[in-house]
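Working notes for the structure below.
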Amino acid sequence: MASSSGGSAKERIVLARRPGFGSLGQKTMAVSNHYRVKFEPKVLYHYDVTIQSIGLKDSNKAIPKSLNREVMNEFIVQHIDKLGTVLPVYDGEKSLYTATTIPDLDVEVQLPESNGSGSRCKRRSFLVAVKKASEPDLRLLDRFLKGEVSTFPQEGIQALDIVLRELPSQKLVPAGRSFFSDIFGQHDLGGGIISWNGFYESIRVAQNGLLTLNLDITANAFIKPGSLEDFLSNSFRMDRTVLFEELTRGDACGDTARVKAKKLLKGIRIETNHSTKTKRKHRVSSLSDQPLQSLT
């Protein structure tokens with residue numbers, strides 16, 4: 076990779092091409108984890124997406140990222156008449172791509188809330204704003220691969236990357252550029268933690284004017300599904316009764332146990348089951364030092 080002087084940062088990025096190929100030795104066929112990507116050289120349309128929850132005291136407060144895709148899925152269902160015949164793809168955060176142009180939109184989206192039994196109850200409302208941002212031109216990418224231009228078409232590569240991530244993002248658990256699921260295999264690591272297998276994917280420019288999808292296997296650790304009590308019990312490797320006694324001790328050993336429990340629980344997502352009508356999802360921020368009977 077090299078850069079030339081002058082012009083914007085995006086314009087200065089060029090790809091150094093190899094001057095030739097080796098001629099000695101014996102040719103050998105090699106199999107790699109790169110798969111050729113073919114695409115139609117055309118203009119795509121990139122839109123900025125803003126999602127706000129109606130009813131929050133702070134209307135500028137961002138909603139949890141875990142809700143973004145759920146809201147946008149309902150946006151497509153409820154406003155399909157405004158999107159034309161081609162379904163858009165969404166990166167899960169702030170970008171939407173379409174193969175045909177759509178109007179800028181400011182619409183309300185109703186998101187039904189599940190009560191855990193398969194039926195729907197209280198509805199939540201969101202304001203979704205979609206505004207045109209740019210037009211990634213895949214014709215420039217095609218010309219770059221043919222060696223006709225030297226400017227690297229980063230915007231086109233990014234758009235194709237998001238297109239190829241759309242389906243696995245809907246079906247699997249995303250983490251960075253990787254996707255995981257127990258259907259690929261899992262291993263119990265102990266301490267309330269399991270390992271799920273998955274795969275990594277990325278669009279790459281290869282030699283000889285080829286565009287490829289690079290795939291590789293990977294694995295990641297997840298909290299084992301189950302009750303919060305079981306997770307803590309497995310993590311401490313203690314029986315529930317013994318763990319309760321440890322966490323409620325008034326000495327230094329109790330302080331140490333509570334600090335460890337806070338670190339284990341902070342940031343994890345949980346689902347409540349104390350109500351027969353509604354199961355709500357929350358993210359743990361901390362563990363209170365106060366007994367339950369003194370909390371409201």
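Residue 122 in this note's numbering sits at position 47 of the sequence shown; the count goes up by one each step and never skips.
We put the beta carbon where it would ideally sit given N, CA and C, even for glycine.
Return the CA-CA distance between ARG144 and GLY231, expressed in angstroms with no decimal places. Distance between the alpha carbons of ARG144 and GLY231: 22 Å.
Grab me the residues of SER128's own chain with a C-beta within less than 6 Å of its C-beta, minus the 5 sequence neighbours each way, in chain order. Counting only Cβ-Cβ distances below 6 Å, and skipping sequence neighbours, we find ILE138 and PHE201.
Secondary structure at SER361, three-state DSSP: helix, strand or coil? Three-state result, SER361: coil.
Count the other CB atoms, across all protein chains shown, that sit within 10 Å of the CB of GLN141; report buried if there are 16 or more and exposed otherwise. Note that residue 141 is Ser in the sequence shown, not Gln. Exposed, because fewer than 16 other Cβ atoms sit within 10 Å of the Cβ of SER141.
Would you mind working out which of PRO94, THR347 and ASP257 sits nearest TYR358, comparing C-alpha positions? Per the sequence shown, residue 358 should be read as Arg rather than Tyr. Closest option to ARG358, Cα to Cα, is THR347.
Bridge partners for ASN272 per DSSP, in chain order? As a beta-bridge residue in DSSP terms, ASN272 pairs with ALA294.
ASN108 and LEU290: beta carbons closer than 8 Å? With respect to LEU290, ASN108 sits close: the two C-beta atoms are nearer than 8 Å.
Classification of TYR165 by the beta-carbon crowding that lies within 10 angstroms, buried from 16 upward: buried
Under the three-state reduction of DSSP, which class applies to GLN101: helix, strand or coil? coil
Can you tell me whether ASP217 is buried or exposed, with buried defined as 16 or more other CB within 10 angstroms of its CB? The residue in question, ASP217, is buried, as its Cβ has 16 or more Cβ neighbours within 10 Å.
If we define contact as Cβ-Cβ less than 8 Å, is TYR165 a contact residue for chain D? In the structure shown, chain D does not exist; there is a single protein chain.
For ALA332, collect the residues of the same chain with a Cβ closer than 6 Å to its Cβ; drop the 5 residues on either side in sequence, then sort them by chain order. GLU321 and LEU322
Let's see if you can read the secondary structure: which residues bound the beta strand (DSSP E) around GLN127? 120–128
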